[in-house]
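Take 1020 as the starting number for the sequence shown in the numbering used here and just add one per residue.
Cβ atoms here follow ideal geometry from the backbone N, Cα and C, with glycine treated the same way.
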Amino acid sequence: MSQSQVPTFGFSERKPSGEEAALIQDVLKLYQLQPVSAAYARYDQKATFHDPIGLAEGLESVKAQFNSMPKIFSKSETLDLKVLDNPQVKPPSVQFALAQNYHVKTPQTTKLVNSLITLTVDPSTKLITHHEEEWDGKENTTSSDGFFGKLNEWRKKATAEIVKAGADTRPVDQQ
């Protein structure tokens, strides 16, 4: 990975603990189009995944979001990653900035996405309960943002359900 590709969104960079680094490496497999069992084993059965496109509720729906990515992208490369020192995100939860280069199949284009990713981890189970991905560090809208936020949240939940309905949620190492 090259240095200084991804912004830190106003936070300082810090060195991850061994446990954090292992968690991040497993989650990165999902972004790199390698949805394997070890990555999904990091998630609680009731985990949620929220990004600007979808709001997936439950592990099967989370799996569907990541397992469907190879249908859209031919390749996905991690260019840079920085673990951030955000005082509001306390271990075992972790926040990092990610520069991911996606190669779209049709039309053949490449898209760089700089994301602020927060993994909320339950201290007792050490499992991810919420995975938040904010593109360019912009907060995802929710129903608490008023009428248009409610509409957007409904659209994201519907999108996640549509993706789930058409996806094979088995990890690639079990197919």
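Quick one: Cα of residue i to Cα of residue j, how far?
i, j, result
"Thr1128", "Gln1064", "35 Å"
"Ile1136", "Ala1116", "6 Å"
"Leu1074", "Ala1041", "25 Å"
"His1150", "Asn1159", "12 Å"
"Glu1197", "Leu1047", "A query on residue 1197 cannot be resolved here, the shown segment of the chain reaching from 1020 to 1194 and no further."
"Ala1193", "Ser1056", "Per the sequence shown, the amino acid found at residue 1193 is Gln instead of Ala. The alpha-carbon atoms of Gln1193 and Ser1056 are separated by roughly 8 Å."
"Ala1118", "Arg1174", "26 Å"
"Arg1061", "Leu1049", "11 Å"
"Lys1034", "Pro1026", "16 Å"
Taking the alpha-carbon of residue i as reference, which of the options has the nearest alpha-carbon?
i, options, result
"Lys1130", "Ile1091, Arg1033 and Ser1056", "Ile1091"
"Thr1144", "Lys1183, His1122 and Pro1111", "Pro1111"
"Asn1120", "Asp1099, Tyr1059 and Ser1095", "Ser1095"
"Val1108", "Ala1083, Thr1139, Lys1082 and Lys1124", "Thr1139"
"Pro1106", "Thr1097, Phe1030 and His1122", "Phe1030"
"Leu1170", "Ile1072, Pro1089 and Pro1142", "Ile1072"
Can you tell me the Cβ-Cβ gap for residue i and residue j, rounded? I've got them flagged as a contact below 8 Å.
i, j, result
"Leu1098", "Glu1032", "Leu1098 to Glu1032, Cβ: 15 Å. No contact."
Taking 7 Å as the threshold (C-beta atoms), are residue j and residue i in contact?
i, j, result
"His1122", "Ser1093", "yes"
"Ala1083", "Lys1183", "yes"
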